[in-house]
Amino acid sequence: MNSLPFPHCPPVEDLSALMDGELGAAQAEAVKAHALGCPVCGPLLQSFTALRSDLSSLRETHCQTDLAAIVLPQLPRSAPRRTRRRPLWAGWLQFGPQAMAGAAALGVGAYLGLTLVAGGGAALRPAAMSVFDGEPASAYCAGLPSCSARGR
Amino acid sequence: MSDTRRQDEEWLALAQQGDQAAFGALVRRHQDRIYRHLLNLTGSREEALELAQEVFIKAWEALPQWRPDAQLRTWLYRIASNAALDLLRRRKVVAFVPLEEDHDQPAPQPGPEAQLQATQGIRALDAALARLAPEHREIVLLREVEGLSYDELAATLGIDLGTVKSRLARGRAALVALYDRNQK
């Protein structure tokens, strides 16, 4: 969009900046001289000038309402206070004790679970359970002989 | 530093300590330009009035963060532009409706023919502005109507000077194309 159709045309940005007096003196002269003889840049510069003139009519608008009279009653009585942005982690601090307890519970749970899965569960079994270890469960069945492995 | 800016800063210092009368003076000084900018961006008097109140309330709330190196005028334009663009996004419209008939306009030129031409010209301009992309509308209005310099545009819009130059050129070229089409 910056280059106009003719090979020696300046970018449209330069025509626009020329309008605003934002080009250096030498560059402004060069762009002006070009626009005078160019069938594209000349009319475009004129259009920019006409647009400025037409837009200036919008400057006449005034607010007919006293905004201060509406805004001031909506303000708190006290002076505005500086609100500091807290880092994201700061919000979690208020849950400190609960968070610690929760984390500890999760940690113990995870440890116990891993111990069982890894086969170290025997170490955690209550000593009273060890009396059953020597015999298969069917050996203690008081029911029909068919229930027992010996009866087969 | 201009007298106006010095006075603004004095009022600002008082307002920061909770002086609402000083803040009221600031509101009265800047309300025309903020309302006008919002009206030109949104095309609605009611919404411009509502947003203007919102802008000054936000400004009050943000007073503690105010830095003296920033200009109050550009700071308010920034709050206003953000509020208007938020509204346009909520509305989900790129183009706004033409201004109401009783919209404040300059005094008509003498003679019915001249008056008719002026009215038609204003309508064509409003219609062209309504079709312009919001970011182009914003920068063209801030430059041509509010008279902000390139540095002030950069500060208001939070963009660098190179972007100011290119966005303004694109906005002007787009508006010229739309305006010419509306006038034909």
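First to last, the sequence lines map onto chains L and C. Per my numbering, the very first residue in the first sequence carries number 1096; after that it's consecutive. Per my numbering, the very first residue in the second sequence carries number 392; after that it's consecutive. Each residue gets a CB set at the ideal place from its N, CA and C atoms; glycine is no exception.
Proximity below 9 Å, CB of residue i to CB of residue j
i: C:Glu452; j: L:Pro1175; result: yes
i: C:Leu516; j: L:Asp1149; result: yes
i: L:Leu1162; j: C:Ala519; result: no
i: L:Leu1140; j: L:Ala1128; result: no
i: C:Arg427; j: L:His1157; result: yes
i: L:Leu1146; j: C:Leu478; result: no
i: C:Pro459; j: C:Leu403; result: yes
i: C:Val446; j: C:Leu430; result: no
i: C:Gln462; j: L:Leu1170; result: no
i: C:Leu559; j: L:Thr1160; result: no
Alpha helix (DSSP H) segment containing residue i, residue limits
i: C:Glu438; result: Arg436 to Ala453
i: C:Pro525; result: Pro525 to Glu535
i: C:Ile425; result: Gln411 to Thr433
i: L:Pro1134; result: Run containing L:Pro1134: none; DSSP gives neither H nor E here.
i: L:Arg1172; result: Taken as a continuous stretch (DSSP letters only), L:Arg1172 belongs to no alpha helix (DSSP H), as it is neither H nor E.
i: L:Pro1192; result: Gly1191 to Val1212
i: C:Arg458; result: It is not in any alpha helix (DSSP H) - C:Arg458 carries neither H nor E in the DSSP assignment.
i: C:Asp399; result: Asp394 to Gln407
i: C:Asp551; result: Element bounds for C:Asp551: n/a, residue is neither H nor E.
Collapsed DSSP secondary structure at residue i in the structure displayed
i: L:Gln1107; result: As written in the sequence, residue 1107 of chain L is Val, which differs from the Gln given in the question. Helix at L:Val1107.
i: L:Leu1118; result: coil
i: L:Thr1160; result: coil
i: L:Ser1152; result: helix
i: C:Leu569; result: helix
i: C:Ser472; result: helix
i: C:Gly562; result: helix
i: L:Leu1140; result: helix
i: C:Ser557; result: helix
Straight-line gap, residue i to residue j (C-alpha atoms, nearest Å)
i: C:Asp571; j: C:Ile448; result: 40 Å
i: C:Arg424; j: C:Glu437; result: 16 Å
i: C:Pro455; j: C:Gln408; result: 9 Å
i: C:His421; j: C:Arg561; result: 29 Å
i: C:Arg397; j: L:Ala1123; result: 34 Å
i: L:Thr1144; j: C:Leu532; result: 14 Å
i: L:Met1195; j: L:Leu1211; result: 24 Å
i: C:Glu537; j: L:Arg1154; result: 7 Å
i: C:Ser393; j: C:Arg534; result: 20 Å
i: L:His1103; j: L:Pro1134; result: 12 Å
i: C:Arg481; j: C:Leu539; result: 27 Å
i: L:Ile1165; j: C:Asp399; result: 20 Å
i: L:Gln1193; j: L:Leu1207; result: 21 Å
Own chain residues within Cβ distance below 7 Å of residue i, not counting five before or after
i: C:Ala633; result: Any question about residue 633 of chain C goes unanswered here, given that chain C covers just 392 to 575.
i: C:Ala545; result: Asp551, Leu552 and Val555
i: C:Arg563; result: Val531
i: C:Glu492; result: Confidence in C:Glu492 is poor, its pLDDT being 40 and thus under 50, which makes the residue's placement too unreliable to answer from.
Sequence-distant residues of its chain with Cβ nearer than 6 Å to residue i (five each side left out)
i: C:Ser557; result: none
i: C:Glu529; result: Ser472
i: C:Ala413; result: Trp402, Leu405 and Ala406
i: C:Leu569; result: Ala519 and Arg522
i: C:Leu490; result: Model confidence at C:Leu490 stands at a pLDDT of 39, short of 50, so the residue's coordinates are unreliable; what they give is reported in the following sentence. Excluding positions up to five away in sequence, the list reads Gly434 and Asp517.
i: C:Thr547; result: Thr465, Tyr468 and Arg469
Own chain, CB closer than 8 Å to residue i, minus 5 neighbours either side, in chain order
i: L:Ala1213; result: none
i: L:Glu1117; result: none
i: L:Leu1110; result: Val1126, Ala1130, Cys1136, Leu1139, Leu1140 and Phe1143
i: L:Ala1198; result: none
i: L:Ala1112; result: Leu1118
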